[in-house]
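Going by this note's numbering, the first residue of the sequence shown is number 486, and it counts up by one from there. Working notes for the structure below.
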Amino acid sequence: MYQTYEGDSLDLDPGSPFFEDHVARYWWAASMAQGLRVLDVGCGKGYGTAILSKTASEVLGLDLNPQSLAEARKHFETPKTQFESQDVTRPAPSLGKFDLITAFEVIEHLPPSLTDDFLLGLGRLLTPQGRLLLSTPNHDIVTLSGVHIPAFHINNFEASRLRRVLSNHFEDVELLGQFKLRPLLEQALFNIDFLNLRHRLKRRDHRPSPKQTPTRKNNPKPTISAFLTHPPTFVARYRFSPWRWRQAGLTVAACKNPRLS
């Protein structure tokens with residue numbers, strides 16, 4: 486059974502570290518959710534579920550952290566956006582089937598022994614033509630760059646191993662790298678650095694954990710609603726590339742045709 490942790494979902498704070506990364510990922514998924522029935526697994530405090538609802542016909546957010554669910558219901562529950570506590574390793578038949586499932590930054594929180602049950606459960610919840618969008622940090626980049634690893638990241642995947650594990654459960658698996666566009670020369674190096682030598686040549690010994698990273702100062706923070714009504718301008722700086730999954734610090738997998746036998 487998944488154990489919840491304090492701080493295991495992103496705060497409802499635009500100044501939080503990685504907030505833009507998460508918001509950009511949900512707006513990217515929303516572009517594929519037009520008119521669909523969508524399941525947001527590991528919805529946390531519900532901001533991503535709210536983004537998906539801008540295009541989907543209905544969205545159900547699932548999470549096992551009661552504090553996060555309470556926040557999600559308080560801020561984002563609507564007739565077309567609902568939240569429940571459900572364990573997808575044993576999905577209830579009452580959930581039905583979904584055309585699109587998002588599971589962003591979830592699999593690394595699970596005990597490794599639950600990985601197969603988790604992926605099997607997601608496959609059972611998809612319609613025949615449905616699609617799963619799953620993301621997790623690329624552990625190759627995390628370890629090479631010395632990025633802080635939260636205590637609740639207990640099931641970490643290099644991108645190539647993630648592909649192998651997902652292919653055991655889905656016939657069609659495409660890996661993409663999520664990244665933010667860099668200055669011209671830095672982006673050119675990123676594009677050709679398939680071996681990630683840039684991290685080996687200049688390794689950062691430490692990156693502050695989210696709780697240590699300062700939020701913006703001097704400028705007033707925008708309200709959370711400013712990020713959820715329409716795609717904010719920073720979303721245009723993000724890319725989801727099938728050519729950059731080796732280099733990107735965040736791996737996104739698009740999966741179809743679950744193997745249910």
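Glycine residues also receive a C-beta, built at the ideal position from the N, C-alpha and C atoms.
Check: Backbone secondary structure at Leu611 - three-state DSSP; Outcome: strand
Check: Coarse secondary structure for Val523, derived from DSSP in three states; Outcome: strand
Check: Whole-angstrom distance between Leu585 and Pro597, CA atom to CA atom; Outcome: 24 Å
Check: Paired residues, beta bridge with Asp657 - DSSP; Outcome: Lys741
Check: Alpha carbon of Leu605 to alpha carbon of Pro502, nearest angstrom; Outcome: 32 Å
Check: Exposed unless 16 or more other CB atoms sit within 10 angstroms - verdict on Phe679; Outcome: exposed
Check: Asp625 to Leu521 span [Cα, whole Å]; Outcome: 34 Å
Check: For Ile677, three-class secondary structure by DSSP; Outcome: helix
Check: Coil, strand or helix - Gln663 by DSSP; Outcome: strand
Check: Three-state class that DSSP yields for Gln571 in the structure shown; Outcome: coil
Check: C-alpha distance - Pro727 paired with Thr714, whole-angstrom precision; Outcome: 28 Å
Check: Buried versus exposed call for Gly546 [16 or more other C-beta atoms within 10 Å across all chains shown]; Outcome: buried
Check: The segment 523-533 / the segment 664-675 touching (three or more Cβ pairs under 8 Å); Outcome: no
Check: Pick from Leu647, Gly500, Thr489 and Gly631 that is closest to Leu660, judged by C-alpha positions; Outcome: Leu647
Check: Test: His560 CB closer than 8 Å to a CB of chain C; Outcome: Reference to chain C is not applicable here, since this structure consists of a single protein chain.
Check: Closest Cα partner of Lys665 within the set Gln488, Val508 and Gly492; Outcome: Val508
Check: Per DSSP, cross-strand counterpart(s) of Phe642; Outcome: Asn623
Check: Through-space distance from Arg609 to Asn742, alpha-carbon basis; Outcome: 10 Å
Check: Asp602 versus Ala636: straight-line alpha-carbon distance, rounded; Outcome: 22 Å
Check: For Ser516, the three-state DSSP class (helix, strand or coil); Outcome: coil
Check: For Glu593 and His633, the rounded distance between their alpha carbons; Outcome: 14 Å
Check: Ala555 to Gln567 span [Cα, whole Å]; Outcome: 12 Å
Check: Bridge-paired residues (DSSP) for Ala636; Outcome: Beta-bridge pairing links Ala636 to no other residue.
Check: Straight-line Cα distance separating Arg683 from Phe642; Outcome: 20 Å
Check: Own chain residues within Cβ distance below 8 Å of Gly615, not counting five before or after; Outcome: Lys582, Phe583, Asp584, Leu585, Ile586 and Lys741
Check: Gly546, enclosing beta strand (DSSP E) - first and last residue; Outcome: Glu543 to Leu547
Check: Alpha helix (DSSP H) segment containing Leu537, residue limits; Outcome: Tyr532 to Leu537
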